[in-house]
Amino acid sequence: DNSDIFRVYNYRFDGLNYTRGFKPVGTFYGDRLRELVSNNDTDMLRANDTASVFEMEDNIVFFDGTTSIPDLDVRNPLTYWDCAERELRTDESGKSVRLDEPGRKAEYLDATYECDGYLDCYNMSDEWDCTASLPVGFIVVGVLVGLILLVLVTLLVAVLVLWLVRRETRVRKAGPALHVFIILTSIILVCSVFTAYGQPHDVSCVFQPWAMIVPMSLLIGAICVRPVAIYHHFRFPTHTELSDWMMVLVAILHTIPIILLLILWMIIATPSATLEKENGEYHHICGSNGFAGSIAGIVIFIIILVYEAVVLLLCAFISILARKVVVPFNESRIVATAIYNILLVGAIAIPIYFVLSGNVARWSILVGAMLYVPVSTVRRR
218 DNSDIFRVYN YRFDGLNYTR GFKPVGTFYG DRLRELVSNN DTDMLRANDT
268 ASVFEMEDNI VFFDGTTSIP DLDVRNPLTY WDCAERELRT DESGKSVRLD
318 EPGRKAEYLD ATYECDGYLD CYNMSDEWDC TASLPVGFIV VGVLVGLILL
368 VLVTLLVAVL VLWLVRRETR VRKAGPALHV FIILTSIILV CSVFTAYGQP
418 HDVSCVFQPW AMIVPMSLLI GAICVRPVAI YHHFRFPTHT ELSDWMMVLV
468 AILHTIPIIL LLILWMIIAT PSATLEKENG EYHHICGSNG FAGSIAGIVI
518 FIIILVYEAV VLLLCAFISI LARKVVVPFN ESRIVATAIY NILLVGAIAI
568 PIYFVLSGNV ARWSILVGAM LYVPVSTVRR R
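According to our numbering, the sequence shown is numbered sequentially starting from 218.
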């Protein structure tokens, strides 16, 4: 089918002096094609008068005075962030630099990724010199965590010395094993904030729920078991009193449903670092995936919250009932205060965390809650 070729051959247009174009058989209209491209009144492009074909007799001279084909792909200058050099740069041609997607292999990012609250470069250089800087927050919180751990370890050593070395009667009656258990879970909970450091990664996204939820559940169980034991002894005086180690076991048993829910979470909605659009740009964030999707992860998280909230409310009610029971080291009022603190933090921090759009603000809320709960609990005890 030569219809397309025929249409080209049969094309003509009216010039200033005479008609130009191609006849159906491929010959030129007019004796020659002149002055299509000229420079200094010299003909650059001509048609051979005798041949029945179009021939180039001279090279085309462009507006820059050369025969080099000009670059028609003209683009605006591109401003980008160089992760390795830690600075904004400009590509004047707009096409020499190829922008990468955020992640551990990113080298060149769009300038909008600088100081947006997300760690998009592998070395966190895009968030250093910012008003709200995550790397600076990592340093400040790291120093604070170090001081808190120093205090907790000192308390742990003191309790162990008074319990096992000096064998103080007062300490032994206060339930030293339970106190050691509370301090250990508090240390683990404080250290869990480090899982929220750096760029999201599949490993850290999976480890984060375990590092934060399990020790928090153990701490809640350890706080609640003491007033339950006191009330049980008051209500059923003929029954065997719960020993110190038995209370630790009850606190651990209370966490088994949480562990089962976390296992289910990991199977059907495995947390992983995914590239998602937030605040107009794509970033790597931790999200629930797997075959059940993010909805399953949210549902399981809500079930965990409801379970712990019910346990805390029951524990608060039992603490009120047991607050006037005359026993050595009745800690019901202290426990009630600790429970109110946990409920208050959960009621405020969790909704704010999901409502806030800024990554730095969400990180601050998460870290603040993870540090406040164990510190306030141990301080009151």
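A virtual CB, placed ideally from N, CA and C, is assigned to each residue, including glycine.
Note that the structure is predicted; figures quoted are calculated from it, not measured.
- Between the alpha carbons of D333 and S489 lies a distance of about 22 Å.
- In the structure shown, W298 falls within a strand segment according to DSSP collapsed to helix, strand and coil.
- Annotation: the region 296-370 contains the following complete segments of the beta strand (DSSP E) (minimum length 3 residues), in chain order: 304-308, 325-327.
- The secondary-structure analysis by DSSP pairs S505 across a beta bridge with P488.
- Nearest Cα to R321 within the set Q425, V592, D419: D419.
- DSSP, reduced to helix, strand and coil, places Y499 within a strand of the structure shown.
- Around the CB of N506, 16 or more other CB atoms lie within 10 Å, so the residue is classed as buried.
- The Cβ atoms of I400 and L369 sit closer than 8 Å to each other.
- Around the beta carbon of W462, a 10 Å sphere encloses fewer than 16 other beta carbons of the protein chains shown; the residue is thus reported as exposed.
- Your pair Y335 and W298 does not check out as a contact, with CB atoms roughly 12 Å apart and the cut at 8 Å.
- Counting C-beta pairs closer than 8 Å gives fewer than three between the region 515-535 and the region 335-352, which falls short of the contact rule.
- A Cβ-Cβ separation of about 54 Å leaves H449 out of contact with P319 under the 8 Å criterion.
- Taking all protein chains in view, the Cβ of G510 is surrounded by fewer than 16 other Cβ atoms within 10 Å, so the residue is classified as exposed.
- With respect to the 8 Å criterion, P432 and T402 are classified as neighbours on the basis of their beta carbons.
- By the C-beta criterion, the region 469-483 is judged to be in contact with the region 520-534, since at least 3 inter-stretch pairs fall below 8 Å.
- By the Cβ test, the region 290-306 is in contact with the region 338-348, since at least three Cβ pairs between them sit closer than 8 Å.
- Taking a cut-off of 8 Å on C-beta distances, the region 463-472 touches the region 435-443, as three or more cross pairs fall below it.
- Between I569 and I582, the C-beta gap is smaller than 8 Å, which places the two residues in contact.
- Judged by beta-carbon spacing, V423 lies beyond the 8 Å limit of L588, meaning their Cβ atoms are not closer than that value.
- Leaving aside the five residues that flank Y325 on each side, the residues in its chain whose CB is nearer than 8 Å to its CB run, in chain order, Y297, W298, D299, C300, V314, R315, L316, D317.
- With 16 or more other Cβ atoms from the protein chains shown falling within 10 Å of its own Cβ, S434 counts as buried.
- Under the criterion of beta carbons closer than 8 Å, P294 and E309 qualify as touching, at roughly 5 Å.
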